[in-house]
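Read through the structure below, which is laid out as C-alpha cells, and then see the notes.
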Amino acid sequence: MRHAAVVAFWILAFTGGAAAEKEAVPAPSRAKPWAFTSPHKSVPPAVADEGWAANSIDRFILAKLQSAALTPSGAADKATLLRRVTFDLTGLLPTPQEQTAFLVDSSPLAFEKLVDRLLASPAYGERMALYWLDLVRYAESDGFKADDYRPNAHKYRDYVIRAFNEDLPYDAFLRQQLAGDEFEPDNPQALIATGLHRLYPDEYNAANLEQRRQEILDDVTEVTGLAFLGLTIGCARCHDHKFDPLLQTDFFRLQAYFAAMNPGDDMPAANAAERRQYDDQLAKWESATKDIRADMDALTAAKRTALRKHALEKFRPEIQEAVLTPPEKRTPYQVQIAILAEKQLVREEKTAPTKLSEDDKKRYQELEKKLTATKPAPLPGAAVLTDIGPQAPPVHLLGGGDWRRPKEVLQPGVPVILGDDQGSDARKDLGGLTRTTGRRAALARWLTRPENPLTARVIVNRVWQQHFGVGLVATPNDFGAQGEPPTHPELLDWLAVDFVEHGWSLKYLHRMMVLSATFRQTSVVTHDDPRLAKDKENKLLWHARRRRMEGEAIRDELLQLAGDLNPRMYGPSARPKLPGGLGSYAWKPDARPEDQNRRSIYVFAKRNLRYPLFDAFDLPDMHNSCARRVRTTTAPQALLMVNSELTLEETQRWSASLLKQHGGDERALLAEAYRAAWGRPASETEIQLGVQFLDRQTSLVGSRDAAVADFCHALVNANEFIYLD
Amino acid sequence: MGPAGLIRHRESPVSRRDFLARAGGGFGLLALASLLERDAAAVPASALQAPSVPHFPGKAKSVIWLFMDGGPSHIDLFDPKPTLTKLGGKPLPGTFKRPVTAMGRTAYTPLLSSKRTFQRHGQFGLWVSDWYPEIATCADDLAVLNGCWADGLNHVGSICQMNTGDTLGGRPCLGAWTLYGLGSVCDNLPGYVVLLDYPEDPPGGSRNWGTGFMPANYQGTRFRDGTTPVLHLAPPNASHGTNDSARQRAKLDFVQELNRRHRELRRDDDDLEARIAAYELGFKMQSAAPDVVDLAQETAATKRLYGLDQKATERMARNCLLARRLVERGVRFVQIYCGSGSKWDAHTDVEGNHSRYCRESDRPITGLLKDLKRRGLLDSTLVIWGGEFGRTPMSESGKGRDHNPYGFTMWLAGGGVKRGVVHGATDDIGLYAVEGRTHVNDVHATILHCLGLDHRRLTYLYNGRDERATVNGGNVVTELLA
C-alpha cells in the first residue's frame, strides 16, 4: 500500500473519477486499506478447548494459536496475578491486607471481585491518566526558554483522572476535549477538557507571531490525527503522505476545524449562573472603585503607554497593524494575531507600577491595597481552546508546509479516504451558537460516529497494549501502511464494535481484557520451550508478557513501601526534592514532605526540568505525542537506584518500620520484606540467603539495622521488583 | 538494520539486538558485550551488538563542539567588513532587504562599525580579529564557514536548531544521532558528555542534549562540578554510609545474586540480562568518572597551556582539558557551552561583553587545539566552534548588536576537514550570507559526514516517518572536506 497509484485510486474513487482510470490500477491494490473501512463484528471462532476460554477474547486468541500449532501457557499463580492486575489497573503494590484477602478467597469469583474493586479504586484513574497524558504531550510548563509555569494546566490532568474514574464514555471524553465549549458551554469540566489543545509547547514572547500561530495549528492538527485517528497525518504537512492515502490538502482541511482557535489562559470555568453572579459582583465592585482605579490608571498611564509602544515596535508591520486596527474592524486572522500579541503587550504593561518614582510607587501600592481588599474572588480559571467567534480565518494549503507560501483556500473536511465530509454544514446541528464556528463540534461528531473506522479501533488497541505489552496493532499511533498490520484483525474489530455497543465504556473494556484467560497466563517461559522457536516474539500471545515498572510506578511503590505515599488527589502539582546541580530550571521543593510525597502523576511536569527518576526510566519528551514508551536499560538507571536520596531514604524508612514490627524475629522480618516488595511469599532458600546477607553485611558495617536497610535497598534494586511476571 | 546499510530503527517490536544496544548505548557497547559474554555464558556472542559500523570510513572518531552560548559576533571576530566601518552610524542602505530582527527596532537602527583590528594569519592568510590573538596562531588548522544561516530568531529556538536541526523542540540532538549511528567505544563513561562553564543552563536546558523521540540512552550526560561529575555517581552523603565501596559491592553482589536466581527460570528474557550488565557498568563508572575529572594528573605545563592557571580562563580551561581527556578515553561527543546561559548575548555593549568572553575562551580553545594536535588526536577529533547565530551590523542601544541568523560564522578543525580554508561569505556589512550559503542542516550533514555517516541514510522511524538529523534538508559542504 505504499504507492501513489493506490492513493490516486482512492481519491478518484471518492471524487467520482472516471471508471476507466480505476481500471488502470492493478486489481490487488484496490482493496481499501483495512484501517479505512468500518470494523465488522464477526462471531468469535469455535475452538477445540472450550474449557480454556474465559470469554470471547480467548476464542480469537486460541483459534490463532491452534492454527499455528501453539498452545497457551498455564495460568499464573494467584500472588503473581494479584500483583500484575493491581499494577495494571492502579500502578501500585497490593497491600498486605489485599494479599491476604485474595490469597485466601477460594471462591471462583475471587478474581472478578478483585478486578471490580481495583476498577472502582481512585488509583485506577491515576494509572490510566499516565498513558493518556503521554499521548497528548501533557506538561505544565511552556518549554522554550522561559518554560513558564502554566497555573491551570493541572486542571486538565485532574479532568482526565476524573473522567477515567467516573468511566465517562470515551465518545463523550473525546467530544469534551475537542469541543467541550461548543457541546456543553455550561459545564466547567467540559471547558477544562478543551485544555487538551493548550498543551502545545509555547513561546509567549515569540517575535514572529504569524509563524507561531501556524506552529500551534500544526501541533494541534498533528496531535488530533495521532491521538484520535491513529494516523500520522503530520507527515502530510509538507507534501502528500508518502505511504498512506492522505493528501496534503487533508492535513490542512483537518487543520481548518481549528482555524478559529482562541487560546484563552484564564477563562472562567463556571456555569452560567456562577458567571452571572460573578459578573454582577464585579460590576458593583467596579463602580464602587471607579475613582481608585482612575487614580491608579493615571499614575501609570504614561509608563504603560511607553512600555506598550516599545513592546509593539518589536513586531513586523503586519502584526503591528493587526494590533492597531480597532477590534471591530479586524479580520478574524488579525483578531488571532492581536490575541497573541496582547499576551506580550499586557505582560509588559503590567511592569509599569514597578517603574514609577518612589513616591508614585508608594501611592500606587496604597491604592492597590484598597482596591484588592474589596475585589470579589475570581472564578476558577481554565486554559481552554475555544474559537474567536463564528467566523474563522481562511485556511490555505501551505507550500512545503511553510506559512509564507499560502496557496488555495481550503474548507474543513475529514481525510478524503475516510469518506464523506461533514465540515461544510458544521453549524447545522449546533442550534444558533454565536460564539464559535461549530467546526470542532462537527469534527468530534464525525469522530464519534460508531461507524468511524478508526476511533474505536485506536482506543481499544491502546487499552490492549496496556495489558498485553504490545498492541494488536504494534504501532498504536500509526494505523497506516508504515505501521504494523494487526496480529488479530478479527479480534481488534470485534473489540472495537463491542466497545461501542457497550456505551464506549473503558472500564467494561479493561474488565473484559483482564478477566480473559489470555491475560491470566504465566509469563515465565523456560528458555528451551519449543514454542519459542515458532513465535519468539510472542505475537500470538501464548504467554503473558513481563512488565517493567515506569519511573512513576517505581517512585509510587517506594513511597508505598515506606508508608510515605500521600493519597491526596488533584490540585496543583507536587514538587519533590531534587538532587543538586540540576541547573537553573530546577524547582523549589514543597516545604512539607507529605506534599512532596503524592503519587507521581501529580509531580510537576516541567518541560525543561525532567524529574531525574522519570527521566532515567524513559519519560517521553513532553513535546510530541507518545503512544508507547521506549524501554531502555542503562547504567544511569542503575546508579540512580543505587545512589539516589529517594531510594536510600525510602528504603531506610521502610527498614525502620520493619525493624519496629519484627525487630526480634529476623525470619519474620525477611519474609515480610520479600512479600511486601515482590508481592509473593519467600521460599526457604530466599530466607536463608537473606539471613546470610544480614550476617555478612552486619560484620561489614557493624550495625544490624544498617544491614537490614541494605537488604531492603537490595530488594528494590533487584529485577523482581522492577519487573513483574 | 545492518552495518553500513540503512540504519533504521522501529519503535515497535523490540528485538534482542535492539535491547542489548540500548543497554549499552551511551555507556559502552563493547564493554557491555564483553560483560555479557563473561557473565552470561548462555548468550551467543553473535547476538551482541558491537558499535555500529559507519556508512563509510570517517576521519573523525569524536566531536568536540565549542558552543558560544548567546551568539558571538562574526563581524568582530572572523569576518571583517571594511564597508561596515565606512557606514558606521548610518542607516541600513536601501539596497539591503530589511530583516526581521528579534528586537524589531534594530531593523531600523544605525549600523555599528567594528572597533576590532583584523589581520590575516598563517600561511593561508585567514582573517582573525585581535579579540582572538591566540586562536589566530592556529589559523592554519581552521576551516571557516562564513556563510552560515539559520531559521530561528530567538535564543531558544536557535540553540534548539543548532542542536537538533529544527527550531521547535522534540527532536534528538546531533550528539544523540551520532551515538545512534556509531555507538560508543568508551568502556565506562557516557558516550556523550556536556560541559557548562557557568551555573546557568543554556536556554532550553537539558533538552538541548536530549533525545526527543529517540530512546533516552543516546542522550548527553551533563557533567557536574566536583569529584563526582555524573548525577547519582555516589550516594548523597556519608550518613548513609554507603560510600564505603566494600559495603556497596557486597550489596550489589547480593542484588546480582538475587537477579541470577530470578533469571534462571526466565532465560528467554534479554532485558533481565541487560539490567544485570547495566549494574556492573554503573559500578565501573563510579571509579572511571571521578578519574577522568581528576585534573591533578595533568602536568603544570599542560594546565598552563589551557590557561588553567589564570582566573579569567580557568572555567573554560577546565572544560577544554576535560574534553581532551574524555576524547582520549573514547567518548564520542563532547559539547562545551562557553558562557552558558546566553553570556555572549551582547545586546547593549558588544565591546564590553565580547572582550570578556573572548578573553575567557581564547587561550583554552587554543590550548585544546594544540594539545590535541601534539597528541595526534586532532586528526580523529572534529572540533567545532560557533554560536546559535551571529550578530547584526545594525546597532542596538547604541553599542550593542542584535541576533543575526541570516549570516554568521562557524569553524571546524581537525578530523575530516581541510586546513586553512574559508567557505562562504556574507554581504558587505555581514548581514546576509550571500555566497556558499550553509544552513544549520548543512553543517550537521557535514559533521555526520566527517564521522562516516550519510545523513540521508541515518534514519529513525518515528510516528510513521523516517526521521533524519537534517530534517528535510542538508547538503554536505564538500568544499570543506579533507
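Chains as they are written, first to last, in my numbering: chain A, 349 to 1073; chain B, 591 to 1072. C-beta: ideal position from N, C-alpha, C; glycine also. Being a predicted model, the structure only gives us computed values, none of them experimental.
Asked, Found
"Exposed unless 16 or more other CB atoms sit within 10 angstroms - verdict on HIS815 of chain A", "buried"
"Chain A within 7 Å of LEU862 of chain B, Cβ atoms only", "yes"
"Beta-carbon spacing of ASN972 of chain A, ARG485 of chain A below 7 Å", "yes"
"Three-way DSSP call (helix, strand, coil) for CYS738 of chain B in this model", "strand"
"Cβ shell of GLY765 of chain B (< 7 Å), same chain only, five flanking positions each side left out", "TYR782, TRP799, GLY810, PHE923 and GLN925"
"Beta-bridge partners of THR971 of chain B, as assigned by DSSP", "B:SER652"
"Closest residue to PRO880 of chain B among B:ASN753, B:ALA840, B:TRP1001 and B:ARG915 (Cα-Cα distance)", "B:ARG915"
"Coarse secondary structure for LYS925 of chain A, derived from DSSP in three states", "coil"
"7 Å Cβ cutoff, ARG850 of chain B in contact with chain A", "no"
"Whether GLU1068 of chain A touches TRP1002 of chain A by CB criterion (7 Å)", "no"
"Minimum Cβ-Cβ distance from GLY931 of chain A to chain B less than 7 Å", "yes"
"Residue interval of the alpha helix (DSSP H) (run including VAL568 of chain A)", "557–572"
"Residue range of the beta strand (DSSP E) that includes MET476 of chain A", "Premise fails: MET476 of chain A lies in the alpha helix (DSSP H), 470–483, not in any beta strand (DSSP E)."
"Chain A contact for HIS822 of chain B (CB, 7 Å cutoff)", "yes"
"C-beta neighbour in chain B for ALA352 of chain A, strict 7 Å", "Note that ALA352 of chain A has pLDDT 49, beneath the 50 cutoff, so the model's placement of it is unreliable and the number below is only indicative. Chain B, which has no Cβ nearer than 7 Å to the Cβ of ALA352 of chain A, makes this no."
"Chain B contact for CYS1060 of chain A (CB, 7 Å cutoff)", "no"
"Start-to-end residues for the beta strand (DSSP E) that takes in TYR507 of chain A", "Run containing TYR507 of chain A: none in the beta strand (DSSP E); it sits in the alpha helix (DSSP H), 501–513."
"Check whether GLY872 of chain B and ALA983 of chain A have beta carbons under 7 Å apart", "yes"
"Interface residues of chain B facing LEU987 of chain A [CB-CB closer than 8 Å]", "VAL820, LEU821, HIS822, LEU823, GLY872, MET875 and GLN876"
"As assigned by DSSP and simplified to three states, the class of TRP1001 of chain B", "strand"
"Sufficient close CB pairs (3 or more, under 8 Å) joining the segment 1045–1060 of chain B to the segment 751–764 of chain B", "yes"
"Candidates A:ARG976, A:PRO726, A:PHE606 and A:ALA731, of which the one nearest GLN629 of chain A by Cα", "A:PRO726"
"CA-to-CA distance, ARG601 of chain A to THR569 of chain A, given in whole angstroms", "10 Å"
"Residues of its chain near ALA886 of chain B, where Cβ-Cβ distance is below 8 Å and the 5 sequence neighbours each way are ignored", "none"
"Short Cβ contact (7 Å threshold) for HIS1013 of chain B with GLY1005 of chain B", "no"
"Listed by chain order, chain A residues near ARG857 of chain B by CB distance under 8 Å", "THR874 and HIS875"
"Proximal chain A residues relative to ASN1062 of chain B, where beta-carbon distance stays under 8 Å", "CYS586"
"7 Å Cβ cutoff, LEU1075 of chain B in contact with chain A", "Outside the shown range of chain B, which is 591 to 1072, sits residue 1075 of chain B, and nothing can be said about it."
"Segment contact, 8 Å Cβ cut-off, at least three pairs: the segment 865–880 of chain A with the segment 913–925 of chain A", "no"
"Against chain B: residues of the segment 653–676 of chain A by CB proximity under 7 Å", "GLU661, LYS662, PHE663 and ARG664"
"Endpoints, beta strand (DSSP E) assigned at PHE923 of chain B", "923–928"
"Listed by chain order, chain B residues near ARG896 of chain A by CB distance under 8 Å", "ASP861"
"VAL783 of chain B at chain A interface by Cβ criterion, 7 Å", "no"
"Beta-bridge partners of ASP913 of chain A, as assigned by DSSP", "Reading off the sequence shown, one finds Leu at residue 913 of chain A, where the question assumed Asp. LEU913 of chain A pairs with nothing; no bridge assigned."
"CB contact below 7 Å: PHE599 of chain A versus chain B", "no"
"Proximal residues, the segment 950–968 of chain A versus chain B, C-beta separation under 9 Å", "ARG955, ASN956, LEU957, ARG958, PRO960, ASP963, ALA964, PHE965, ASP966, LEU967 and PRO968"
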